[in-house]
Amino acid sequence: MGAQEQDPETISRTSSRRRVPQINDFSLRGQSQGKQTQDPQKDEKEQPPQYGDNNPACVPPASMSMRPPAGPIRTISVSTPSGESKRVEQNEDKAARQNKYDVGWRRVVRNFSPSWFSVTMGTGIVANLLEGMPYNAAWLHWLSIIFFALNTILFTLAFLTSIVRYTLYPEIWGVMIRDPINSLFLGTIPMGFATLIEMWVLVCVPAWGPWAATFAWVLWMIDTVVAAAVTLSLSVLVMMQTHELKSLERFTAAQLLPIAATIVAAGTGARVAEILPDPQWALGTLMTSYVLWAMGTPMAFVVIAMYFQRLAVHKMPPREVIVSCFLPLGPLGFGGFGIMYLGKVSRTIFPLTDTLDPTAGSVAYVLGFFVALIMWGFGLVWFFIALVSMWQARPFPFNMGWWGFTFPLGVFATSTIQIGVEMPSAFFKVLGQIFSVAVILLWSTMSEAYERERQNNSRLDELASKVTALRGVTIDIYDNARDQRVLDNTNETFSSFSSSLKGSATRLTRMAQSGNKVAILKLAGIIAGCVIVLYWIWGLVFGHGGGSK
Numbered sequence: 001m002g003a004q005e006q007d008p009e010t011i012s013r014t015s016s017r018r019r020v021p022q023i024n025d026f027s028l029r030g031q032s033q034g035k036q037t038q039d040p041q042k043d044e045k046e047q048p049p050q051y052g053d054n055n056p057a058c059v060p061p062a063s064m065s066m067r068p069p070a071g072p073i074r075t076i077s078v079s080t081p082s083g084e085s086k087r088v089e090q091n092e093d094k095a096a097r098q099n100k101y102d103v104g105w106r107r108v109v110r111n112f113s114p115s116w117f118s119v120t121m122g123t124g125i126v127a128n129l130l131e132g133m134p135y136n137a138a139w140l141h142w143l144s145i146i147f148f149a150l151n152t153i154l155f156t157l158a159f160l161t162s163i164v165r166y167t168l169y170p171e172i173w174g175v176m177i178r179d180p181i182n183s184l185f186l187g188t189i190p191m192g193f194a195t196l197i198e199m200w201v202l203v204c205v206p207a208w209g210p211w212a213a214t215f216a217w218v219l220w221m222i223d224t225v226v227a228a229a230v231t232l233s234l235s236v237l238v239m240m241q242t243h244e245l246k247s248l249e250r251f252t253a254a255q256l257l258p259i260a261a262t263i264v265a266a267g268t269g270a271r272v273a274e275i276l277p278d279p280q281w282a283l284g285t286l287m288t289s290y291v292l293w294a295m296g297t298p299m300a301f302v303v304i305a306m307y308f309q310r311l312a313v314h315k316m317p318p319r320e321v322i323v324s325c326f327l328p329l330g331p332l333g334f335g336g337f338g339i340m341y342l343g344k345v346s347r348t349i350f351p352l353t354d355t356l357d358p359t360a361g362s363v364a365y366v367l368g369f370f371v372a373l374i375m376w377g378f379g380l381v382w383f384f385i386a387l388v389s390m391w392q393a394r395p396f397p398f399n400m401g402w403w404g405f406t407f408p409l410g411v412f413a414t415s416t417i418q419i420g421v422e423m424p425s426a427f428f429k430v431l432g433q434i435f436s437v438a439v440i441l442l443w444s445t446m447s448e449a450y451e452r453e454r455q456n457n458s459r460l461d462e463l464a465s466k467v468t469a470l471r472g473v474t475i476d477i478y479d480n481a482r483d484q485r486v487l488d489n490t491n492e493t494f495s496s497f498s499s500s501l502k503g504s505a506t507r508l509t510r511m512a513q514s515g516n517k518v519a520i521l522k523l524a525g526i527i528a529g530c531v532i533v534l535y536w537i538w539g540l541v542f543g544h545g546g547g548s549k
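Just so we're aligned, residue 1 is where the sequence shown starts under full-length UniProt numbering, counting upward by one.
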């Protein structure tokens, strides 16, 4: 038998197995197979970015993509156990390859996304609110320290995971940067880090003295460089990749994330300048913070105007991203807090350093307060729009965008509290206290929702593994049943043929005994035919001999 010749039953059995879907393949493999007949460049231009579905973390590393695809399952013969053992070895190799990249720490690292830093933003703003509530208590101070420690751990883990991710899979960095949605979440990194700096200023500096203030200044300078780089680079990248967003309908408030990074850095700079021991250092920090505020706030108003046009023309966004309606509260709330606190610190620092006119500090303070009040009123409108949008879109599934609730609403509460402190006004203080409690309760709700979602995902993974195992058992049962049916049909056919042949042979034998030569020739032909048929059946069943032809 030739090396390339195959048994007809083998070909049929193999083709039937190839029709079984491979549910264990990587998710992108099925997508790439569906686009093989299309022009890749045309397809890339025509497909708009989908919310939550274009995570670059799902892109398998180059070392995996260059591996040859797994071949089809070889034919299993019921009489040769070596074939079955060989197929089991192939399945084990495939499982080992999937376990290496799809489970364990490699899967966590490869699927990690910058959007996880939004968790540190939400946790950090809770710590800041617990420390800065107008109606505070001693136990709230210690609770804020607990949240501060938790946020430090979360940010450290997220930062180290990101470093390992882009070290092991450097090709993902380029994919993520060019992605028009996921790249925006790079702005959450400096904003999450800024919440740590603020808590350091509020908690550690009073306890540890001047060296802690200098250390906070160094941390703020690092945060400033990163925030400015994110705002400038991503703003340019968004304009260069406008072909990805074919219509205004695809525009989301997530475009505010890289812009808000400099606004948050400006407000944090005001906090740092207030505790610096050297007035010249404080003056430089103030001037830099004013520039950072000017870099982000006007751009934020432009994006908010575009987002309002998107809502007016194309109505509410999908319920999967409906929480993005809260994002305008971020630059409006912390932008107002930043300009107001910068004016407050300027009223102290400008006279000490003889900057401009002696009244320049007071002018900056008054202007900063009224600008903050105007931005607070504008934020109140967006707060109402966000509430109505969420009410109409309920219920909506849990995703990472839920953390967009906490930070924007938290910084809006911070601005409300600061307005109440500067006026002073009991109304704004009480309202800020209510907002703060709402943010803390919201953080607790989202933590519970995230844990429930994680448990559901674990159950789905367990179910998928059981389905995979059941699929393998089903294929084995199907193969065995098919092979058994083949043998049963062969035995039945052979028994019927043998009975008929036996009757014919008996009659011909009687005729041959009577001297009939024709009967003798017929009997010899029947015997030769039986030998040929038996030889063919032997090759068909056991995979060798003339049956394979």
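Yeah, the Cβ is synthetic: ideal placement off N, Cα and C, and Gly gets one too.
Computed from a prediction, not measured in an experiment: that's the story for all the values here.
> Out of curiosity, what's the CA-to-CA distance linking Leu232 and Thr268?
Replying inline: 19 Å
> What is the DSSP secondary structure of Tyr341, reduced to helix, strand or coil?
Replying inline: helix
>> Residues in the same chain with beta-carbon distance under 6 Å from Leu186, minus the five sequence neighbours each way, listed in chain order, please.
In response: Pro114, Val230
> Going by alpha carbons, who is nearest to Val201 out of Ala273, Leu257, Gly525?
Replying inline: Ala273
> Whose C-beta lies closer than 8 Å to the C-beta of Gly122 among residues of the same chain, with five residues either side of it excluded?
Replying inline: Trp403, Phe405, Thr406, Phe407, Gly410, Trp443, Met446
> Can you name, in chain order, every residue of its own chain whose Cβ lies under 8 Å from the Cβ of Phe337, other than the five neighbours on each side?
Replying inline: Gly267, Ala372, Val411, Thr414, Ser415, Gln418
> Is Lys315 helix, strand or coil when you go by DSSP?
Replying inline: coil
> Helix, strand or coil for Leu356 per DSSP?
Replying inline: coil
> With 16 as the cutoff for other CB atoms within 10 Å, does Ala137 come out buried or exposed?
Replying inline: exposed
>> Contact defined as beta carbons within less than 8 Å: I believe Gln433 pairs with Met199. What is the distance between those atoms, to the nearest angstrom?
In response: That pair is no contact at about 19 Å.
>> For the alpha helix (DSSP H) containing Gly122, name the first residue and the last one.
In response: 117-132
>> Please report the distance separating the alpha-carbon of Val126 from that of Phe370.
In response: 26 Å
>> I'd like to know whether the C-beta atoms of Arg310 and Phe251 end up nearer to each other than 8 Å.
In response: Judged by beta-carbon spacing, Phe251 lies within the 8 Å limit of Arg310, meaning their Cβ atoms are closer than that value.
>> Let me confirm a value: Ile349 is counted as buried when at least 16 other C-beta atoms fall within 10 Å, else exposed. Which label applies?
In response: buried
>> Considering only the alpha carbon of each residue, which of Val381, Ala393, Tyr341, Ala386 lies closest to Gly420?
In response: Tyr341
> Just the Cα atoms here: how many angstroms apart are Asp354 and Ala426?
Replying inline: 35 Å
>> Distance check for Arg347 and Ser362, CA to CA, integer angstroms please.
In response: Their backbone Cα atoms lie some 5 Å apart in a straight line.
> Of all the options Leu431, Glu171, Pro351, which has the alpha carbon lying nearest to the alpha carbon of Leu283?
Replying inline: Pro351
>> Do Ser235 and Thr188 count as a contact pair if the criterion is CB distance below 8 Å?
In response: no
>> For the structure I just gave you, are there three or more beta carbon pairs, one from the region 248-265 and one from the region 215-227, closer than 8 Å?
In response: yes
>> If I follow the unbroken alpha helix (DSSP H) through Gly104, where does it start and stop?
In response: 104-110
>> Is the separation between the beta-carbon of Leu184 and that of Pro298 shorter than 8 Å?
In response: no
>> I need the boundaries of the alpha helix (DSSP H) containing Thr416, first residue and last residue.
In response: 406-422
> For Phe215, which three-state DSSP category applies?
Replying inline: helix
> Just curious, the alpha helix (DSSP H) that Ala273 is in, first and last residue?
Replying inline: 256-275
> Thinking C-beta only, is Phe378 closer than 8 Å to Leu327?
Replying inline: The Cβ-Cβ distance between Leu327 and Phe378 does not fall below 8 Å.
>> Using the three-state DSSP reduction, which class does Gly335 fall into: helix, strand or coil?
In response: helix
> Going by alpha carbons, who is nearest to Arg394 out of Asp357, Met316, Met375, Phe334?
Replying inline: Minimum Cα distance to Arg394 is reached at Met316.
> Going by C-alpha distance, which of Arg165, Trp376, Phe147 is nearest Arg106?
Replying inline: Closest by C-alpha distance to Arg106, out of Arg165, Trp376, Phe147, is Arg165.
>> So the candidates are Ala300, Val313, Ala312, Gly343; which of them puts its Cα closest to the Cα of Gly330?
In response: Ala300
> If you drop the 5 nearest sequence neighbours on each side, which residues of the same chain put their C-beta closer than 6 Å to that of Ala158?
Replying inline: Trp116, Phe117
> Going along the chain, which residues of its own chain have a beta-carbon closer than 6 Å to the beta-carbon of Pro210, five neighbours each way excluded?
Replying inline: Counting only Cβ-Cβ distances below 6 Å, and skipping sequence neighbours, we find Pro277.
>> Do Phe155 and Phe193 have their beta-carbon atoms positioned less than 8 Å apart in this structure?
In response: yes
> So is Phe384 buried or exposed if we call it buried at 16+ other beta carbons inside 10 Å?
Replying inline: exposed
>> At the level of alpha carbons, what is the spacing between Ser144 and Ile172?
In response: 36 Å
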